[in-house]
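One structure below.
In this note's numbering, the protein residues as written are 410 to 731.
If you want it as structure tokens, here you go:
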């Protein structure tokens, strides 16, 4: 008979190491995040780099086969790389399963004519160069939300503030959520708090932040945090599966992003990248299953936010000048 009582969470290898006299120091309750998602639960899941309807269909089929719960699916190439029909198909497929769909906004520096992003210093990086690039991002946001998209990915502070002002003004729906890209993710608590104040509802942090860094951030902000449990190679290729339980304990409310290392870059996506895009989409879901299995084995798989939940709760914002 199955024991109905919940298992006490344990750390990897805890009992065996203690028996060998190599037990780890006790965890400090002071390190734990006091925050959760507004509907309850301390973690949600995200499958990134889902570049179109065909990749989305693969992700949804594989998530059903492997029983991987999904709160959010995100895309990296951008709204402008999808037709209206493709966006509508993705919106309908995710709405049917109560999954949030997040599409990237507009032009970004690495695809711009500016040469500084190709220097060793990387110049302005992913940011939107000039008025026209900001305008392109806003155009993408309006088009996507008119087609039913409820979450937008942003890689520029000015674009983030502009889109936040746009939703306050009713130019885009007020319940649109704004997700800060890992490509510009903050690396300290002061910067994290600024992104929240600018309108960030979900803020990616680089996957190389330490556990102590997450605790420092949680002392100043309750804004949901996104983190690649496995990062793409262009973001470091880090694999932190055995830390998932502790990442949740320190970083909640936390989106567990199941990326993929040792895989070719696929942005901006087109059908010439079809085979690798579909195969990597399938493998990202499998990576999610592996991480969830680890949580279950350690008795730390409780506190998942309800499926279908997407809003961030009440957050701190800069005043918008009249």
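Where is the CB? At the ideal position from N, CA and C, for every residue including glycine. Treat the numbers as computed from the prediction; the structure is a model and nothing was measured.
>> Out of 633, 464, 476, which one is the CA nearest neighbour of residue 495?
In response: Check the Cα spacing between residue 495 and each of 633, 464, 476: the tightest is with 464.
> Measuring CB to CB, does residue 458 end up less than 8 Å from residue 691?
Replying inline: No, the Cβ-Cβ distance between residue 458 and residue 691 is not below 8 Å.
> Roughly how many angstroms lie between the CA atoms of residue 645 and residue 682, to the nearest whole one?
Replying inline: Distance between the alpha carbons of residue 645 and residue 682 is about 22 Å.
> What do you get for residue 729, buried or exposed, if any count of 16 or more other CB atoms within 10 angstroms of its CB means buried?
Replying inline: When all chains shown are included, residue 729 counts as exposed.
>> Spatial neighbours of residue 503 within its chain, please: C-beta separation below 8 Å, excluding the five flanking residues on both sides.
In response: If we look at residue 503 and ignore the five residues flanking it on each side, its Cβ neighbours are 465, 482, 509, 510.
> In whole angstroms, what separates the C-alpha of residue 662 from that of residue 717?
Replying inline: If I take the Cα positions, the gap works out to 15 Å.
>> Let me make sure I understand the geometry here. Which of 725, 719, 723 has the alpha-carbon closest to that of residue 559?
In response: Cα-wise, what sits closest to residue 559 is 719.
> Whose CA, out of 574, 703, 543, 557, lies closest to the CA of residue 564?
Replying inline: Comparing Cα-Cα distances from residue 564 to each of 574, 703, 543, 557, the minimum goes to 543.
> Sorted by chain position, which residues of the same chain lie with C-beta nearer than 6 Å to residue 735's C-beta, five sequence neighbours on each side aside?
Replying inline: Any answer about residue 735 is impossible in this case: the structure gives the chain only from 410 up to 731.
> Quick one: any contact between the segment 426 to 434 and the segment 655 to 674, if contact means 3 or more CB pairs under 8 Å?
Replying inline: With a cut-off of 8 Å, the segment 655 to 674 and the segment 426 to 434 do not count as touching, because too few Cβ pairs lie within range.
> Roughly how many angstroms lie between the CA atoms of residue 382 and residue 422, to the nearest whole one?
Replying inline: Examination of residue 382 is not possible in this model, given that the chain is present from 410 through 731 alone.
>> Checking 8 Å against the spacing of the C-beta atoms, do residue 696 and residue 475 come in under that value?
In response: The answer is no: Cβ separation not under 8 Å.
> Assuming residue 632 contacts residue 616 under a Cβ cut-off of 8 Å, what Cβ separation, rounded to an integer in Å, is found between them?
Replying inline: Actually they are not in contact, since the Cβ atoms of residue 632 and residue 616 sit about 18 Å apart, beyond 8 Å.
> With burial defined as no fewer than 16 other Cβ atoms inside 10 Å of the residue's Cβ, what is the status of residue 514: buried or exposed?
Replying inline: Result: buried.
> Ordered along the chain, which non-local residues of its own chain (more than five positions away) have a Cβ less than 8 Å from that of residue 530?
Replying inline: Residue placement at residue 530 is flagged as unreliable, the pLDDT there being 48, under the threshold of 50; a coordinate-derived value is accordingly withheld.
>> Run through the DSSP bridge pairs and tell me what residue 456 is partnered with.
In response: Per DSSP, 482.
> Going by Cα to Cα distance, which pick from 655, 506, 678 is closest to residue 440?
Replying inline: If we check each option's Cα against that of residue 440, 655 comes out closest.
> Can you give the beta carbon distance from residue 451 to residue 612, rounded, assuming they're within the 8 Å contact cut?
Replying inline: Between residue 612 and residue 451 the Cβ distance is about 16 Å, and since that is not below 8 Å, they are no contact.
> For residue 497, which residues from the same chain have a beta carbon less than 8 Å from its beta carbon, with the 5 sequence-adjacent residues on both sides left out?
Replying inline: So the qualifying residues of the chain are 556, 557.
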